[in-house]
Amino acid sequence: MRTRFAPSPTGFLHVGGLRTALYAYLMAKQSKGEFILRIEDTDQERSVEGATENILEVLQWAGIDPDEGVVLDQGTVSEKGERGPYIQSQRLEIYKKYANELLENGHAYPCFCSSERLDQMRKDQQAHKQAPMYDRMCLSLSEEEVKKKLDAGEPHVLRLKIPQSEKITFTDDIRGLLTFQGHTVDDQVLMKSDGFPTYHLAHVVDDHLMDIELVVRGEEWLSSLPKHLLLFQCLGWKPPRYAHVPLLLNKDKSKLSKRQNSVATREYIDKGYLPEALINFLALLGWNPGNTQELFSLKELIDAFSLDRIQKAGAIFDTDKLDWLQGQWIRKMPVDEFAQRIRPTVEEKYPAAKDDNDFEQKAALIQERMTFFPEAAEMLSYYYEKPTVTKDLLVNAKQKVADEILPKVMELLITTLEGVAEDQWTEEGLKEVLFALAEEKDYKKGQILWPLRAALTGLPYSPGAFEVAVALGKAKTMERLSSASAFT
RNA sequence: GGCCCGUUCGUCUAGUGGUUAGGACGCCAGGUUCUCAUCCUGGUAACAGGAGUUCGAUUCUCCUACGGGCUACCA
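Start counting the first sequence at 0; every next residue gets the next number (numbering that gives the first Met the number 0).
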């Protein structure tokens with residue numbers, strides 16, 4: 000099945016857009032079909048320089064690669080496929096052709112009304128509690144009048160002539176049977192006075208010409224669906240399947256907005272979220288697999304996805320679960336990949352990490368406990384700089400490390416560890432020695448291990464004492480113990 | 001105002017006439033552990049309301065309420 004994602008280059012890629020793209024992509028891949036990317040830049044005023052690149056980069060980051068259409072080829076925007084161009088501003092002649100066809104067949108008519116008149120008309124209608132709709136004034140123009148105005152080059156638009164008595168029904172892939180009455184549908188503008196088509200005309204023409212079989216788009220389009228259906232009918236084309244996905248919502252249930260949330264996918268990338276986590280999260284917002292599986296890779300989603308398990312109601316964009324998924328996916332990463340991922344941020348703060356041959360070993364210790372990559376540097380700080388140890392940290396009531404026993408414990412730690420041979424300096428080796436020490440001197444394990452860990456890291460929490468001691472090595476461990484014992 | 005869509009724990013959701021209404025996140029408690037995190041166990045918490053159909057409605061129908069989307073020469 001051929002599906003498409005057709006963003007407007009008006010800025011960053013919205014997370015809702017990413018979810019829509021994901022669903023369309025999954026449907027295409029599941030059926031071994033093609034996923035097409037088309038750029039809808041028919042609004043010249045809103046088009047933003049660089050937006051297309053940005054959107055493509057973000058999709059690539061997410062692992063959603065178009066088979067056809069506008070693609071990123073080694074970092075630059077290019078086009079691929081037989082049904083191009085895939086950028087609407089380059090298809091103006093095509094739209095013009097079909098607009099003329101509609102005009103000739105009497106399905107569309109030119110409208111010369113000024114925006115001032117239109118504004119006034121709507122105001123009046125609203126004042127009378129009527130639905131604001133075009134009053135069809137220009138439809139009553141005689142053929143001669145129209146010709147005269149056209150010849151005089153008067154600015155005008157082309158409007159779709161909605162058959163008022165028609166009842167339009169359609170079965171949406173998500174919402175089921177939908178019904179609209181012709182008289183409640185406005186005579187939509189198809190061609191603007193600047194020669195550009197509106198979304199309504201453009202997408203119908205393109206989806207037909209590009210052989211799109213399924214359109215996945217946001218619910219906000221539902222109310223203009225009858226216009227699109229009529230357009231297909233007037234042009235003598237078979238409409239594609241449509242799947243209107245529910246909206247992503249703010250906490251107050253309004254449409255997800257910049258004011259209340261981070262909506263740019265880029266922001267989530269910058270915060271360090273993994274594409275696996277974001278994709279997993281987005282997939283589950285409004286869709287469920289029908290079983291209790293929560294973790295899905297993109298590949299698994301391709302197999303498991305189906306439109307009939309998409310929710311009809313909107314979903315609040317609550318990122319608590321995203322954070323949990325992020326932790327899950329971090330833990331699933333191969334250690335070397337994880338190390339590679341955090342290395343740059345650690346090196347930035349601690350250049351010494353560049354020469355660290357045991358970086359991976361240290362990274363492994365924090366992989367189980369972190370949620371956000373930017374935390375990595377701080378979590379590894381004590382390896383690359385001497386920790387600031389205070390007596391307050393060394394003492395710990397819960398571990399029963401009292402002020403009075405501290406000097407003795409520190410002394411025991413130093414003398415005991417001093418006696419450990421280099422080849423015994425392993426987690427097992429240290430465990431054996433220190434547990435024996437605790438038993439011999441009748442200390443609880445915590446009474447010995449807390450001061451050790453605290454002296455080595457200078458932190459109230461960190462990986463365990465044994466792991467840190469091993470990663471640090473004997474020399475550094477001894478050095479830190481002796482300087483910490485000065486506080487006692 | 002009009003048209004269209006929707007409504008199960010705080011959040012994401014399972015459920016299609018008979019269930020102790022299930023799972024996940026969050027939160028709380030306990031356990032593991034030298035700390036924190038992880039991990040494990042348990043707990044908290046929901047069918048918007050009203051009629052109707054039915055022996056029986058979360059499930060079907062209607063109404064109400066509430067929420068949302070659209071209502072541009074924007075998408």
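Cβ coordinates follow ideal geometry from the N, Cα and C atoms, glycine included.
Separation of residue j from residue i, as counted between CA atoms
{"i": "R158", "j": "F337", "result": "57 angstroms"}
{"i": "I161", "j": "H182", "result": "8 angstroms"}
{"i": "E431", "j": "I447", "result": "13 angstroms"}
{"i": "P109", "j": "D210", "result": "29 angstroms"}
{"i": "D357", "j": "T344", "result": "16 angstroms"}
{"i": "E92", "j": "F371", "result": "50 angstroms"}
{"i": "S114", "j": "D134", "result": "13 angstroms"}
{"i": "G472", "j": "K348", "result": "22 angstroms"}
{"i": "L300", "j": "H202", "result": "27 angstroms"}
{"i": "D335", "j": "W328", "result": "14 angstroms"}
{"i": "P245", "j": "R368", "result": "35 angstroms"}
{"i": "L213", "j": "R1", "result": "7 angstroms"}
{"i": "F562", "j": "Y460", "result": "In the structure as shown, the chain begins at 0 and stops at 487. Residue 562 is therefore absent and cannot be evaluated."}
{"i": "L101", "j": "C233", "result": "7 angstroms"}
{"i": "G457", "j": "A351", "result": "19 angstroms"}
{"i": "L416", "j": "A375", "result": "29 angstroms"}
{"i": "A303", "j": "A23", "result": "14 angstroms"}
{"i": "R452", "j": "F465", "result": "8 angstroms"}
{"i": "R342", "j": "Y94", "result": "51 angstroms"}
{"i": "G445", "j": "D402", "result": "14 angstroms"}
{"i": "K254", "j": "L189", "result": "27 angstroms"}
{"i": "K397", "j": "L436", "result": "20 angstroms"}
Minimum C-alpha distance to residue i - residue among the options
{"i": "W449", "options": "C110, A468 and E431", "result": "A468"}
{"i": "E438", "options": "L411, L277, V419 and A420", "result": "L411"}
{"i": "E384", "options": "S222, E346 and L392", "result": "E346"}
{"i": "L294", "options": "R308, I315 and L277", "result": "L277"}
{"i": "C112", "options": "G105, S192 and V184", "result": "S192"}
{"i": "L224", "options": "Q187, L248 and G16", "result": "Q187"}
{"i": "L221", "options": "D150, F179 and G10", "result": "F179"}
{"i": "E52", "options": "Q29, T41 and T9", "result": "T9"}
{"i": "P131", "options": "S139, V145 and R116", "result": "R116"}
{"i": "E218", "options": "F195, H227, G194 and L247", "result": "L247"}
{"i": "R82", "options": "A453, D205 and D172", "result": "D205"}
{"i": "N99", "options": "G80, K320, P196 and L392", "result": "P196"}
{"i": "Y85", "options": "L451, S7 and K96", "result": "S7"}
{"i": "W323", "options": "I309, P238 and L273", "result": "L273"}
{"i": "L58", "options": "F11, N104 and D40", "result": "F11"}
{"i": "E56", "options": "Y241, K148 and I268", "result": "I268"}
{"i": "G463", "options": "L436, I365, P239 and M190", "result": "I365"}
{"i": "P333", "options": "A363, S305 and D307", "result": "A363"}
{"i": "Q325", "options": "H207, K250, N279 and M120", "result": "N279"}
{"i": "A50", "options": "R18, S305 and A5", "result": "A5"}
Exposure label - residue i; buried when at least 16 CB within 10 Å
{"i": "S164", "result": "exposed"}
{"i": "Q87", "result": "buried"}
{"i": "E275", "result": "buried"}
{"i": "L176", "result": "exposed"}
{"i": "K31", "result": "exposed"}
{"i": "D64", "result": "exposed"}
{"i": "K96", "result": "exposed"}
{"i": "M136", "result": "exposed"}
{"i": "F434", "result": "exposed"}
{"i": "G16", "result": "buried"}
{"i": "T75", "result": "exposed"}
{"i": "K226", "result": "buried"}
{"i": "S484", "result": "buried"}
Limits of the unbroken alpha helix (DSSP H) element including residue i
{"i": "L58", "result": "A50 to A61"}
{"i": "E478", "result": "K473 to S484"}
{"i": "T344", "result": "V334 to K348"}
{"i": "R265", "result": "T264 to D269"}
{"i": "M378", "result": "A375 to M378"}
{"i": "T495", "result": "What is shown of the chain runs 0 to 487, which leaves residue 495 out entirely."}
{"i": "V432", "result": "E426 to K440"}
{"i": "I301", "result": "L297 to A303"}
{"i": "F280", "result": "P274 to L283"}
{"i": "D391", "result": "K390 to L393"}
Unbroken beta strand (DSSP E) run spanning residue i, endpoints
{"i": "D171", "result": "K166 to D171"}
{"i": "C233", "result": "No beta strand (DSSP E) holds C233; the alpha helix (DSSP H) holding it covers L224 to L234."}
{"i": "M120", "result": "Where M120 is concerned, there is no enclosing beta strand (DSSP E), although the alpha helix (DSSP H) it sits in stretches over S114 to A126."}
{"i": "G175", "result": "G175 to Q180"}
{"i": "R82", "result": "Neither: R82 is in no beta strand (DSSP E) and is coded neither H nor E."}
Query raised in the report: Between the segment 34 to 41 and the segment 62 to 78, are three or more C-beta pairs nearer than 8 angstroms?
Result: yes
Query raised in the report: Can you find at least 3 beta carbon pairs, one from the segment 313 to 331 and one from the segment 37 to 51, that sit closer than 8 angstroms?
Result: no
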